[in-house]
Amino acid sequence: MKTLVLENYLIVGAILFVLGMVGFLTRRNLIIMFLSAEMMLQGVAVNLLAFARFRGNMGGQVLALFIITVAACEAALALAMILMLYRRRKSLDVSLWQDLREPNQEATLDEEPLPPAPVEKPLPHLTIAGIEPVQEKETSHV
Amino acid sequence: MDKIGEFLREEWPVLLPVVLGFLAVYWLLPRVQRDWLIPGSLAGAAALVSAGLFLIKHEFAVIEAVLFYSFSGMAILGAALMLAQHSPVRAAMSFALVVLSTCGLFLLLAAPFLMAATIIIYGGAIIITFLFVIMLAQQIGTTSADLRSREPLLASLACFVLLASVLIALYQNYETRAIDGRFALVEAKLDRVIALNGKNQKALDDILEENVAEKRLVEELDELMPHHNEEVVNILENKPADLVESQKLCKKLKGEIEQMRHRVGSLWPSRKLTSFSDVPANKSASTETKETMPHDNVAALGRSLFTEYLVAVELTGMLLLVATIGAIVIAGRREGDETAREVLR
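These protein sequences, in sequence, are chains Y and G.
Start counting at 1 in the first sequence, then tack on 8, and there's your number in our numbering.
With the first letter of the second sequence counted as 1, position 288 gets the number 279 in our numbering; the numbers rise by one all the way through.
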């Protein structure tokens, strides 16, 4: 008879919200920041539906429906703005827009250098037919 | 120092998963030198397991608990993967995992309509995001922005302090096992009164006087249900001579305790599902159906939307219209619109 309690769902909602918040604050790709914001909304929706279920009240579900609507509006606007920002700088890096910062803020610079790009191995050359390949001398280590 | 020690001793079931989760997220966030992937994943797994062991409460391994564990575990796993991925395509895939498992949670929470709506709307949103990723990000490949994260230590510290405070507040407020135990003792006692048969005034008196966890039944009830003070005294202190009468009162009291447990106790979901059609939606708040869910979810949701929340629905429609116009205005500019770009620069 006894099953899950309300607190379990609230915990899951809080964890989703906080992970979305970490993503929004740390990630620098505009699209991933947008996805993180959507994830925060998902956490809130879980909370609302849990309250609706455990209070036996439809208000929570109605509010979650409104959240989905607002998320749809946000997606439309955010993707339009991402498109526009991309057209300006040809990049999704949000740090390229840090000249919008407050006057007394210092710019963040990337200190750590990127690792060198992996060197692609040259394709093996086939020996030309008809010429005997150079034989390496076999050495015995025995 | 004592207070800190006491705090740690009391709240360790919350603090342990939070600290492990903090370490996992901090180590897994993208950076150029990824030396901490394995300890990060181990810490993440430990955080998930310890949260499942210490934070989540349930009594029996019923199917609902199994589903809850798997859905919420997958949602949190997907969220962590989304944070850790370098590539935006993989991040969008992980977000799809988060949305689908959250939809499973919605279904567990008796919201089938919202589950369907979320799958349709977020499914569309994710496909559009994929289009964007393929259109924009795939042209340039993995850039330096994807390989770095901004202030990973400060950001994850701030967020996990928030998580710890939320979870501690939840843990303290919903720590209901003690009060559940007391309610269960009182209920068992009342059951014994109800089960008495024949004229047995002595047994009735005995049961009422008997200690319930070091208190008399009357005092215990007084403490558990302070708002029902007089009624409790009326029922039990006067010790009605008629056994049948007192049994009737005890049954009534048990019903009240059930209601009380919905408010202060462990907040079990309301088992009873009522037909919503015989109660008007705008009356539901004041009648007995207050703590029950209607079984016809879609009909009840629609009724509720178009009676109680009609203004909000209209406003939401307006919001959608404005957002559509805004998106067209923002994204609709042509490449050749050089003058506007120069002005804006």
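Ideal placement from N, C-alpha and C gives every residue a C-beta, glycine not left out.
Keep in mind the model is a prediction, meaning the values are calculated, not measured.
Status (buried if at least 16 other CB within 10 Å, exposed otherwise) for residue i
{"i": "residue 3 of chain G", "result": "exposed"}
{"i": "residue 142 of chain Y", "result": "exposed"}
{"i": "residue 35 of chain G", "result": "buried"}
{"i": "residue 123 of chain Y", "result": "exposed"}
{"i": "residue 62 of chain G", "result": "buried"}
{"i": "residue 138 of chain Y", "result": "exposed"}
{"i": "residue 140 of chain G", "result": "buried"}
{"i": "residue 164 of chain G", "result": "exposed"}
{"i": "residue 46 of chain Y", "result": "buried"}
{"i": "residue 15 of chain Y", "result": "buried"}
{"i": "residue 137 of chain G", "result": "buried"}
{"i": "residue 65 of chain Y", "result": "buried"}
{"i": "residue 284 of chain G", "result": "buried"}
{"i": "residue 55 of chain Y", "result": "buried"}
{"i": "residue 172 of chain G", "result": "exposed"}
Under the three-state DSSP convention, the category residue i falls into
{"i": "residue 284 of chain G", "result": "strand"}
{"i": "residue 109 of chain Y", "result": "coil"}
{"i": "residue 37 of chain Y", "result": "strand"}
{"i": "residue 207 of chain G", "result": "strand"}
{"i": "residue 118 of chain Y", "result": "coil"}
{"i": "residue 26 of chain G", "result": "coil"}
Closest by C-alpha distance to residue i, when choosing among the options
{"i": "residue 119 of chain G", "options": "Y:149, Y:133, Y:42", "result": "Y:42"}
{"i": "residue 121 of chain G", "options": "G:97, G:145, G:89, G:82", "result": "G:82"}
{"i": "residue 21 of chain Y", "options": "G:93, G:13, G:22", "result": "G:93"}
{"i": "residue 248 of chain G", "options": "G:237, G:305, G:174, G:129", "result": "G:174"}
{"i": "residue 87 of chain Y", "options": "Y:39, Y:13, Y:147", "result": "Y:39"}
{"i": "residue 186 of chain G", "options": "G:69, G:20, G:242", "result": "G:242"}
{"i": "residue 117 of chain Y", "options": "Y:83, Y:81, Y:90, Y:103", "result": "Y:103"}
{"i": "residue 45 of chain G", "options": "G:31, G:21, G:9", "result": "G:9"}
{"i": "residue 1 of chain G", "options": "G:210, G:160, G:198, G:179", "result": "G:160"}
{"i": "residue 76 of chain G", "options": "G:25, G:208, G:285", "result": "G:25"}
{"i": "residue 64 of chain G", "options": "Y:144, Y:19, Y:147", "result": "Y:19"}
{"i": "residue 134 of chain G", "options": "G:315, G:198, G:23, G:47", "result": "G:23"}
{"i": "residue 238 of chain G", "options": "G:197, G:287, G:183, G:193", "result": "G:183"}
Whether residue i touches residue j by CB criterion (8 Å)
{"i": "residue 195 of chain G", "j": "residue 245 of chain G", "result": "no"}
{"i": "residue 296 of chain G", "j": "residue 78 of chain Y", "result": "no"}
{"i": "residue 40 of chain G", "j": "residue 158 of chain G", "result": "no"}
{"i": "residue 101 of chain Y", "j": "residue 36 of chain Y", "result": "yes"}
{"i": "residue 177 of chain G", "j": "residue 212 of chain G", "result": "yes"}
{"i": "residue 74 of chain G", "j": "residue 37 of chain G", "result": "no"}
{"i": "residue 58 of chain Y", "j": "residue 75 of chain Y", "result": "no"}
{"i": "residue 92 of chain Y", "j": "residue 321 of chain G", "result": "yes"}
{"i": "residue 56 of chain G", "j": "residue 12 of chain Y", "result": "yes"}
{"i": "residue 28 of chain Y", "j": "residue 71 of chain G", "result": "no"}
{"i": "residue 60 of chain Y", "j": "residue 68 of chain Y", "result": "yes"}
{"i": "residue 95 of chain G", "j": "residue 58 of chain G", "result": "yes"}
{"i": "residue 90 of chain Y", "j": "residue 123 of chain G", "result": "yes"}
{"i": "residue 117 of chain G", "j": "residue 86 of chain G", "result": "yes"}
{"i": "residue 97 of chain G", "j": "residue 84 of chain G", "result": "no"}
{"i": "residue 144 of chain G", "j": "residue 17 of chain G", "result": "yes"}
Straight-line Cα distance separating residue j from residue i
{"i": "residue 114 of chain G", "j": "residue -2 of chain G", "result": "44 Å"}
{"i": "residue 300 of chain G", "j": "residue 289 of chain G", "result": "15 Å"}
{"i": "residue 25 of chain Y", "j": "residue 51 of chain Y", "result": "5 Å"}
{"i": "residue 103 of chain G", "j": "residue 121 of chain Y", "result": "50 Å"}
{"i": "residue 42 of chain G", "j": "residue 73 of chain Y", "result": "29 Å"}
{"i": "residue 135 of chain Y", "j": "residue 324 of chain G", "result": "57 Å"}
{"i": "residue 29 of chain G", "j": "residue -6 of chain G", "result": "35 Å"}
{"i": "residue 133 of chain Y", "j": "residue 149 of chain Y", "result": "29 Å"}
{"i": "residue 155 of chain G", "j": "residue 146 of chain G", "result": "14 Å"}
{"i": "residue 94 of chain Y", "j": "residue 85 of chain Y", "result": "14 Å"}
{"i": "residue 62 of chain Y", "j": "residue 99 of chain G", "result": "12 Å"}
{"i": "residue 99 of chain Y", "j": "residue 151 of chain G", "result": "30 Å"}
{"i": "residue 33 of chain Y", "j": "residue 142 of chain G", "result": "8 Å"}
{"i": "residue 15 of chain G", "j": "residue 294 of chain G", "result": "45 Å"}
{"i": "residue 82 of chain Y", "j": "residue 317 of chain G", "result": "11 Å"}
{"i": "residue 149 of chain G", "j": "residue 44 of chain Y", "result": "16 Å"}
{"i": "residue 27 of chain G", "j": "residue 19 of chain G", "result": "7 Å"}
{"i": "residue 125 of chain G", "j": "residue 80 of chain G", "result": "8 Å"}
{"i": "residue 130 of chain G", "j": "residue 97 of chain Y", "result": "14 Å"}
{"i": "residue 115 of chain Y", "j": "residue 13 of chain G", "result": "27 Å"}
{"i": "residue 314 of chain G", "j": "residue 112 of chain G", "result": "16 Å"}
{"i": "residue 109 of chain Y", "j": "residue 304 of chain G", "result": "37 Å"}
{"i": "residue 287 of chain G", "j": "residue 298 of chain G", "result": "16 Å"}
{"i": "residue 60 of chain G", "j": "residue 111 of chain Y", "result": "48 Å"}
{"i": "residue 292 of chain G", "j": "residue 307 of chain G", "result": "16 Å"}
Any non-hydrogen atom of the ligand GDP within 7 Å of residue i CB
{"i": "residue 93 of chain Y", "result": "Among the components modelled here there is no ligand, and therefore nothing to report on the ligand GDP."}
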